[in-house]
Structure formats: C-alpha cells, structure tokens
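J.: Got a structure for you, questions after.
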Amino acid sequence: MEEDEQVDTFDYFNTDIKLLALHIVLESFYRGQNTFSLDQFLKGDYWKIEEIADEIKDTNDYGSVEDLVLQQVIQMIKDLNIGKIVRVSVKDLSNLADKVIREAVEEKNGTENEVMMYSAYIDEIYKLKSLKDAQRLDMKDFHTEKWDRIDFTKDDFHRHIQYLSQTGSSFIEFEVEFDKKGPIEANDAIDDYIDNFSEDQFIEKKPVYRQKRFYFSKQIENFVEYIKRFPLIDGNMNIPFSSLSEQDFEVVKVLSYLERQKRLKVRNWNDTELWNVKFHKLPITVASLFGQEDTKEVEKIDSKEEIKLNLSFSLQTGTMILTDTNGIEYKIKVQGQVQKEVLRVVFQHPKNTYGEWSLYDISETLGGNDVNEIAVKNAIYQFNKKVKLTIPQVENLFELTKHSARLDPKYISVS
Numbered sequence: 035m036e037e038d039e040q041v042d043t044f045d046y047f048n049t050d051i052k053l054l055a056l057h058i059v060l061e062s063f064y065r066g067q068n069t070f071s072l073d074q075f076l077k078g079d080y081w082k083i084e085e086i087a088d089e090i091k092d093t094n095d096y097g098s099v100e101d102l103v104l105q106q107v108i109q110m111i112k113d114l115n116i117g118k119i120v121r122v123s124v125k126d127l128s129n130l131a132d133k134v135i136r137e138a139v140e141e142k143n144g145t146e147n148e149v150m151m152y153s154a155y156i157d158e159i160y161k162l163k164s165l166k167d168a169q170r171l172d173m174k175d176f177h178t179e180k181w182d183r184i185d186f187t188k189d190d191f192h193r194h195i196q197y198l199s200q201t202g203s204s205f206i207e208f209e210v211e212f213d214k215k216g217p218i219e220a221n222d223a224i225d226d227y228i229d230n231f232s233e234d235q236f237i238e239k240k241p242v243y244r245q246k247r248f249y250f251s252k253q254i255e256n257f258v259e260y261i262k263r264f265p266l267i268d269g270n271m272n273i274p275f276s277s278l279s280e281q282d283f284e285v286v287k288v289l290s291y292l293e294r295q296k297r298l299k300v301r302n303w304n305d306t307e308l309w310n311v312k313f314h315k316l317p318i319t320v321a322s323l324f325g326q327e328d329t330k331e332v333e334k335i336d337s338k339e340e341i342k343l344n345l346s347f348s349l350q351t352g353t354m355i356l357t358d359t360n361g362i363e364y365k366i367k368v369q370g371q372v373q374k375e376v377l378r379v380v381f382q383h384p385k386n387t388y389g390e391w392s393l394y395d396i397s398e399t400l401g402g403n404d405v406n407e408i409a410v411k412n413a414i415y416q417f418n419k420k421v422k423l424t425i426p427q428v429e430n431l432f433e434l435t436k437h438s439a440r441l442d443p444k445y446i447s448v449s
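Note that the sequence shown covers residues 35 to 449 in this note's numbering.
Next comes the structure, spelled out in structure tokens:
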C-alpha cells in the first residue's frame with residue numbers, strides 16, 4: 035500500500051462486532067497482555083449469520099468464517115497503527131490433531147461436504163506436523179512451549195490454516211508488538227466515534243447485516259427494556275453475548291457510551307459467555323443512563339400542569355439550566371459536542387434566542403460541511419428528549435419543522 039493511500043477505518047467503529055474486537059485488543063494493551071487466541075473474537079451468534087457464510091462461499095477469499103475473522107482482526111491492528119503482528123501460530127499440535135480425528139469419528143452420518151471438510155482439516159494438520167518436524171531438527175531447547183507450536187508470519191499463515199481455523203480457533207494465536215501511541219490514538223478514536231454516534235451523526239450509515247439503525251435515545255430505551263429480563267444483584271448484571279444479535283439496539287456501542295459516561299463498568303470485554311456489568315446508579319432507568327435526576331419533585335408534578343421556564347446555557351460547563359416560576363431549578367448536562375455548539379449559537383445573542391431559527395443558518399454558522407442540517411436537527415431532537423426525561427410535562431422544548439426550529443413559547447418565561 036502506498037504511504038499516502040488513505041485507509042478507511044470507519045467500519046471498525048461502526049460495526050459492533052469489529053468495535054468489540056478493538057475493545058478486546060485495547061483492553062489487553064492496557065493490561066500488559068499481547069497474545070490473543072482466535073476464539074476470543076468469536077463471541078455470540080453474530081458470525082452465524084447465513085449471509086456471511088454465503089458470501090465466503092461465493093468469493094473463495096476465505097476458508098471459513100473463522101478465517102475471515104482472524105484476517106479482519108490482524109488487518110484492523112495494522113490499519114489503526116495499533117502494533118505489529120510478531121507471529122501467527124498453531125499451538126498444541128498434538129491435541130489439535132486428536133480433537134479433529136475424534137470429531138471426524140463421532141460424525142457418524144456425515145454429508146459429503148462434511149467428509150471433505152474433515153479431510154481438509156486432517157490434510158492441513160499433516161502438513162503442519164511435517165513442517166514442525168523439520169523445524170525441530172534445528173531446536174536446541176526441548177522443554178520450551180515452542181516444541182509443539184508452529185509459527186508463521188502475518189504474510190504466510192493463511193495458506194497453512196485456511197480451513198483448520200474453523201475447528202481449531204482455540205489453538206490459533208497471534209502475538210502483537212504494540213506501538214507506543216497507536217493504541218492510545220485508537221482509544222481516542224472510539225471516544226470521537228461514540229460521541230458522534232450518541233448525537234445520531236451516523237444514523238444513515240447502517241452497518242451491514244443490520245435491519246435498521248434506531249436513533250440513539252431509542253436504542254437506550256430498547257436496551258433498558260431488554261435488560262429487565264436479567265437479575266440485578268448489588269448493581270451487577272450479566273449481559274449475554276447473544277445481545278450482539280439484537281436488532282433494537284447496538285449493544286457494544288451502548289455499553290461503550292455508558293462506560294465512557296461513567297454510568298457503568300464492563301469488567302472484561304474479553305469475557306466468556308457474557309459481560310459482567312456494574313451499574314453505578316440504581317434503579318436503572320432511561321433517565322439514570324442519560325445522567326438525569328429522577329427527582330421526587332418531578333414525579334409529583336401533574337403532567338397536565340402548565341410550566342413556564344427561564345433558560346440559560348453555559349458553553350463552558352456544557353450545562354443548560356431551566357428554572358420554573360416556583361424557583362425549582364433543573365440542570366441538564368449537555369454531553370454531545372454538536373448539541374453544545376447548536377445551543378451556543380441559539381443562546382449567543384439573547385434578542386435572537388426565542389425567534390425562529392433556520393436549520394441551514396445554524397449549520398452554516400457551525401461550518402456547513404462539518405455540521406449539516408440533518409446533524410443540527412438530530413442534535414435538537416436529542417436535546418428535546420433529554421429535557422423530556424428531566425421535566426416530563428415539557429413535550430418538546432424546541433418546536434421542529436423540516437427546515438426550522440424555535441423554542442416553544444408555551445414553555446418559555448422570558449425575564
């Protein structure tokens with residue numbers, strides 16, 4: 035690849051299963067671990083999607099889904115400058131051979147394709163053992179872990195384990211020499227993506243194999259509804275990897291957002307069977323996950339009661355303060371950068387604040403190409419949802435049309 039060629043890394047963040055792989059790699063970096071096995075990246079049922087297997091058969095680029103995953107993870111590490119692949123290895127060759135032969139014998143009524151599959155496995159193992167026998171002639175240390183392990187470079191491993199990866203994922207490992215800056219920059223890139231994702235900047239960029247992408251606030255609502263089925267003990271909950279296949283929310287992004295907002299802690303991204311999650315605020319509600327207060331005062335207010343609010347916004351703290359005529363003060367922490375900038379524009383000149391705003395004008399003020407009209411509209415929509423969570427009787431603080439927005443006069447008390 036030419037040095038000046040731009041690598042498109044967007045999908046590493048935009049697709050949950052790839053973002054999970056990135057989390058696993060970065061978690062290991064911060065914990066001082068640099069060796070990974072292929073089965074670490076095969077969580078949940080995502081890779082059982084029929085379309086993926088069909089595409090692999092059609093293209094012949096990969097020997098199996100597992101082969102695809104291994105190559106994707108290695109490519110991700112390269113593209114994001116996380117580090118260099120020191121080796122790709124097949125370990126414990128003897129036990130791997132026993133496993134494959136045992137499975138082949140137990141397959142009593144195998145189809146022709148299954149017979150061919152096991153033949154391919156055994157053929158690759160035979161060739162690997164022959165290569166290893168040749169290497170052993172030059173080995174001086176007979177007690178090293180390398181005795182029953184065969185190493186390849188990132189460029190030549192594929193032709194040796196193209197099919198074997200399907201049944202031997204736990205026997206295939208790779209070692210990474212981490213870059214000093216790359217992993218930190220990749221973690222910062224996750225921050226940037228999640229910030230924009232939470233503002234619905236990528237609402238139109240639906241990942242492959244996903245039926246649709248919901249607005250972020252709706253994803254949080256769907257997530258809260260989903261986790262009601264699991265027991266909660268002292269704030270701890272086990273969320274299964276099967277959640278990766280849920281269509282109503284994107285679990286890795288939702289957990290990433292909530293962890294970065296300190297609403298919860300995922301103990302190990304690279305866990306087995308499930309994620310153990312510690313929620314920091316109980317009870318778990320949509321409001322609590324957005325960092326809003328479920329105050330008793332709000333609960334007691336009749337939703338039909340009219341409310342008038344004085345508004346003030348501080349860009350420095352990113353806080354909107356809404357004070358009603360009874361002196362009750364509501365503080366909303368605005369977390370998304372686009373939301374902050376939109377509110378800055380609206381509140382910059384008080385004489386213009388309460389008039390009708392063209393979404394195009396706001397967009398142009400914020401740079402046009404950087405923040406388009408859709409982004410402005412989504413930011414206002416999300417802010418309306420936050421206000422609604424904090425003050426239930428305020429249906430929409432901003433009135434939104436296709437091309438304009440204005441603060442709804444029925445909720446505003448201009449002092």
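Where is the CB? At the ideal position from N, CA and C, for every residue including glycine.
Measuring straight from C-alpha to C-alpha, what distance separates Glu-375 and Lys-411?
T.: Locating residue 375 in the sequence shown gives position 341, counting from the first residue. Locating residue 411 in the sequence shown gives position 377, counting from the first residue. Looking at the two C-alpha atoms, the distance is approximately 12 Å.
J.: Taking Cβ positions, are Ala-223 and Phe-47 nearer each other than 8 Å?
T.: Here residue 223 is taken as the residue at index 189 of the sequence shown, counted from 1. Here residue 47 is taken as the residue at index 13 of the sequence shown, counted from 1. Going by C-beta atoms, Ala-223 is nearer than 8 Å to Phe-47.
J.: Starting from Gly-216, trace the alpha helix (DSSP H) both ways and give me its first and last residue.
T.: Locating residue 216 in the sequence shown gives position 182, where the first residue counts as 1. 216-232 is the span of the alpha helix (DSSP H), which, as asked, contains Gly-216.
J.: Taking the Cβ atom as the reference point for each residue, do Leu-451 and Leu-292 lie within a distance shorter than 8 Å?
T.: With the chain running from 35 to 449 in the structure shown, residue 451 is simply not present.
J.: Among all the DSSP beta bridges, which residues are the ones paired with Asp-185?
T.: Within the sequence shown, residue 185 is the residue found at index 151, counting from 1. Looking at the DSSP assignment, Asp-185 forms a beta bridge with Ser-123.
J.: If we count Cβ pairs, one from each stretch, closer than 8 Å, do we get three or more for the stretch 199-214 versus the stretch 124-142?
T.: Yes: the two stretches touch, three or more of their Cβ pairs being nearer than 8 Å.
J.: For the putative contact between Ile-366 and Thr-357, defined by C-beta atoms under 8 Å, what is the C-beta separation to the nearest angstrom?
T.: To locate residue 366, count along the sequence shown from 1; it is residue 332. To locate residue 357, count along the sequence shown from 1; it is residue 323. At roughly 12 Å, the Cβ-Cβ gap does not stay under 8 Å, so Ile-366 and Thr-357 are not in contact.
J.: Do Tyr-155 and Leu-104 count as a contact pair if the criterion is CB distance below 8 Å?
T.: For this step, residue 104 is matched to residue 70 along the sequence shown. For this step, residue 155 is matched to residue 121 along the sequence shown. Contact: no.
J.: So, at 6 Å on beta carbons, what are the nonlocal neighbours of Pro-217 in its own chain, with the 5 sequence-adjacent residues on each side left out?
T.: Taking the first residue of the sequence shown as 1, we reach residue 217 at position 183. Leu-60, Phe-63, Ile-116.
J.: Who are the near neighbours of Phe-257 in its chain, counting only those whose CB is closer than 6 Å to its CB and skipping five residues on each side?
T.: As a first step, residue 257 is located in the sequence shown; it is residue number 223 there, counting from the start. Phe-283, Val-288, listed in sequence order.
J.: In whole angstroms, what separates the C-alpha of Asp-45 from that of Thr-359?
T.: For the purposes of this step, residue 45 is identified with residue 11 of the sequence shown, where counting begins at 1. For the purposes of this step, residue 359 is identified with residue 325 of the sequence shown, where counting begins at 1. Answer to the nearest angstrom: the Cα atoms are 48 Å apart.
J.: Of the choices Asp-442, Val-286, Leu-434, whose alpha-carbon is the least far from that of Val-52?
T.: By one-based count along the sequence shown, residue 52 stands at place 18. The identity of residue 52 in the sequence shown is Lys, whereas the question assumes Val. Here the closest residue by C-alpha is Val-286.
J.: Which residues does DSSP list as the beta-bridge partners of Gly-117?
T.: Against the sequence shown, residue 117 aligns to sequence position 83. Answer is Phe-212.
J.: Quick check on the DSSP output: the beta strand (DSSP E) that includes Leu-343 runs from which residue to which?
T.: Against the sequence shown, residue 343 aligns to sequence position 309. Where Leu-343 is concerned, the enclosing beta strand (DSSP E) stretches over 343-348.
J.: Any chance you could list the alpha helix (DSSP H) runs of at least 4 consecutive residues sitting entirely within the stretch 268-336, in chain order?
T.: Taking only runs of at least 4 residues, the alpha helix (DSSP H) segments lying wholly in the stretch 268-336 are 285-294, 320-323, 330-334.
J.: Expressed to the nearest angstrom, what Euclidean distance is found between the alpha-carbon atoms of Val-41 and Tyr-243?
T.: Translated into the one-based positions of the sequence shown, residue 41 becomes position 7. Translated into the one-based positions of the sequence shown, residue 243 becomes position 209. Those two C-alpha atoms are separated by around 22 Å.
J.: Only counting the same chain, and skipping five residues up and downstream in sequence, which positions put a Cβ closer than 6 Å to that of Phe-313?
T.: Locating residue 313 in the sequence shown gives position 279, counting from the first residue. Closer than 6 Å at the Cβ level, and outside the excluded window around Phe-313, lie Gly-269, Leu-298.
J.: What's the call for His-383, buried or exposed, on a 16-neighbour Cβ count within 10 Å?
T.: As a working mapping, residue 383 is identified with position 349 in the sequence shown. Exposed, by the Cβ-count rule.
J.: Looking at the strands, I want to know which residues DSSP matches up with Tyr-364.
T.: Within the sequence shown, the letter at position 330 stands for residue 364. DSSP output for Tyr-364 lists Leu-356 as bridge partner(s).
J.: For Gly-97, which residues from the same chain have a beta carbon less than 6 Å from its beta carbon, with the 5 sequence-adjacent residues on both sides left out?
T.: The sequence position of residue 97 within the sequence shown is 63, counting from 1. Excluding residues within five positions, the ones whose Cβ falls inside 6 Å are Gln-196, Tyr-197.
J.: In the DSSP output, what is Glu-158 paired with across the bridge?
T.: Counted from its first residue, the sequence shown places residue 158 at position 124. Bridge partners of Glu-158: none, in fact.
J.: Pick helix, strand or coil for Ser-128, following the three-state DSSP scheme.
T.: Sequence index remark: in the sequence shown, residue 128 carries index 94 (1-based). DSSP places Ser-128 in helix when its eight states are reduced to three.
J.: Which residue's Cα is closest to the Cα of Thr-69: Ser-251, Ser-397, Asn-304?
T.: Locating residue 69 in the sequence shown gives position 35, counting from the first residue. With distances taken between Cα atoms, Thr-69 lies closest to Asn-304.
J.: Name the two residues that bound the continuous beta strand (DSSP E) containing Arg-378.
T.: Your numbering for residue 378 matches position 344 in the sequence shown. From DSSP, Arg-378 is part of no beta strand (DSSP E) but of the alpha helix (DSSP H) over 371-382.
J.: Out of Asp-185, Thr-145, Val-421, which one is the CA nearest neighbour of Ser-251?
T.: As a first step, residue 251 must be located in the sequence shown, where it is residue number 217. Nearest option by C-alpha distance: Val-421.
J.: Within its chain, find whatever has a CB closer than 7 Å to the CB of Lys-240; leave out the 5 residues flanking it on each side and keep chain order.
T.: Counting from one through the sequence shown, the residue named residue 240 turns up at place 206. Same-chain partners within the cutoff: Lys-246, Arg-247.
J.: How would you write the range of the beta strand (DSSP E) that Phe-250 sits in, first residue to last?
T.: Mapped onto the sequence shown, residue 250 falls at position 216. Taken as a continuous stretch (DSSP letters only), Phe-250 belongs to no beta strand (DSSP E), being part of the alpha helix (DSSP H) at 250-261.
J.: I need the DSSP call for Met-35, collapsed to helix, strand or coil.
T.: Within the sequence shown, the letter at position 1 stands for residue 35. Reliability of the predicted coordinates at Met-35 is poor, the pLDDT of 42 falling under 50, and no value is obtained from them.
J.: Am I right that Asn-310 and Asn-272 are in contact with their C-beta atoms under 8 Å? What's the rounded C-beta distance?
T.: The count along the sequence shown starts at 1 and reaches residue 310 at position 276. The count along the sequence shown starts at 1 and reaches residue 272 at position 238. Right, the Cβ-Cβ distance comes to about 6 Å (below 8 Å), so this counts as a contact.
J.: Give the DSSP-derived three-state secondary structure of Pro-443 in the structure shown.
T.: As a position in the sequence shown, residue 443 is number 409, starting the count at 1. Note: Pro-443 maps to helix in three-state DSSP.
J.: Please work out which residues of its chain come closer than 8 Å, Cβ to Cβ, to Lys-161, disregarding the five sequence neighbours upstream and downstream, and give them in chain order.
T.: As a first step, residue 161 must be located in the sequence shown, where it is residue number 127. Excluding positions up to five away in sequence, the list reads His-194.
J.: Taking the alpha-carbon of Val-405 as reference, which of Ile-318, Tyr-445, Lys-444, Asn-230 has the nearest alpha-carbon?
T.: Taking the sequence shown and counting its residues from 1, the one referred to as residue 405 is at position 371. It is Asn-230.
J.: Rounded to a whole number of angstroms, what is the C-alpha to C-alpha distance between Pro-20 and Asp-79?
T.: With the chain covering only 35 through 449, there is no way to say anything about residue 20.
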